[in-house]
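Here's the structure, in structure tokens; my notes come after.
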Amino acid sequence: MSEHPLGENPLGTYLRDRRTRLDPAALGFPSGRRRTPGLRREEVAQRANISPTWYTWLEQGRGGAPSAEVLDRVAGALMLTEVEREHLFLIGLGRPPEVRFRKNEGVTPRLQRVLDVLDPCPAVIRTAIWDVVAWNRAATLMLMDYGALPPEQRNILRFIFLDPRARAAQYDWEGVARFVLGAFRADAARAGAAAEIEPLVEELCRLSPEFRSMWRDNDVRGGHGEAVKHLRHPVLGPIAFEYSAFAVDGRTDLSLVIYNPATAEDAERIASLLA
């Protein structure tokens with residue numbers, strides 16, 4: 001580990017700060033009298049499965065540069081968020097961590113409230129492998145009733161290629177399917193999720209000849225970006241949306257996709273259906 005120009009140890013300072021924020025009792029350690037708040041060094045080392053001596057050296061700026069594996073274990077032991085984990089790697093190794101995919105288990109109530117307040121604009125939150133993990137009422141009525149599906153089937157590719165309603169709703173189904181598949185491939189690669197998408201790709205190749213053919217084309221496209229989407233709705237008929245995708249702050253694994261009605265008239269029609 002290189003010496004800081006001012007003789008400081010930014011990594012050690014950061015590690016000490018993060019461990020003092022943890023509750024020993026909540027993590028199964030005795031909560032009796034402690035000289036300082038948070039976890040002891042040996043408790044962090046135990047959680048990270050590294051030696052107490054090595055962890056102490058990390059905080060003291062001794063012993064040379066840590067490995068990426070050690071920093072990853074320490075990040076888990078300290079329960080760091082993705083942003084905090086990235087910062088740990090930047091100050092410890094001078095580079096961000098390698099991309100890795102983490103299976104998402106849902107969204108916070110705060111994010112769900114953000115979706116809800118967007119009505120009458122359909123909005124969803126999806127993972128890097130295009131599983132939809134949250135949505136609002138407008139999305140249910142205009143796009144898909146995700147709540148009626150088992151969680152493992154709430155995938156945009158699965159809907160596009162296997163559900164007849166997707167074909168009926170699109171004016172150019174093949175163009176949309178190719179765009180979605182190319183963007184999905186790029187997102188999955190960027191997230192380091194090659195292994196995680198294998199079961200889905202194998203299933204879709206087996207069940208959809210169109211998917212199998214398009215997948216072999218190896219097309220890669222940018223993400224959702226910004227564009228206009230035209231749909232045939234079974235109740236409202238033709239309707240247009242301007243759609244945009246946004247990163248979710250602090251959650252590199254998630255994207256917020258908003259479908260904004262292209263005209264005031266379309267917005268009123270959706271609002272009347274919601275009412």
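Numbering (our numbering), first residue to last: 1 to 275.
For each residue, glycine too, the CB sits at the ideal point set by N, CA and C.
Buried or exposed for residue i, going by 16 or more other Cβ atoms inside 10 Å?
i    : result
D187 : buried
D72  : buried
A264 : exposed
S255 : buried
N155 : buried
V220 : exposed
L78  : buried
T127 : buried
Y171 : exposed
L88  : buried
A227 : exposed
S51  : exposed
Report the rounded CA-to-CA distance for residue i versus residue j, giving the unit in angstroms.
i    : j    : result
N136 : R158 : 20 Å
I270 : R95  : 47 Å
R185 : F246 : 18 Å
L274 : A189 : 37 Å
I160 : D119 : 23 Å
R251 : A166 : 29 Å
D253 : P24  : 29 Å
R92  : R35  : It is Gly, not Arg, that sits at residue 92 in the sequence shown. One C-alpha to the other measures close to 27 Å.
L236 : Y259 : 16 Å
V132 : Y146 : 8 Å
Per DSSP, residue i forms a beta bridge with which residues?
i    : result
F241 : K229, P261
N155 : D131
F161 : In DSSP, F161 forms no bridge with anything.
A26  : Its beta-bridge partners do not exist; DSSP assigns none.
L254 : T127
F246 : L256
Does the separation of the CB atoms of residue i and residue j fall below 9 Å?
i    : j    : result
A168 : P234 : yes
I239 : E196 : no
R62  : V44  : no
A48  : Y55  : yes
I125 : A134 : yes
G12  : L58  : yes
L204 : L162 : yes
Continuous beta strand (DSSP E) assignments of at least 3 residues falling wholly in the segment 76-130: 123-127
Inside the segment 163-192 only - alpha helix (DSSP H) runs reaching at least 4 residues: 164-169, 173-190
Segments of 4+ residues assigned as alpha helix (DSSP H) that fall wholly inside the segment 33-80: 41-48, 52-60, 68-77
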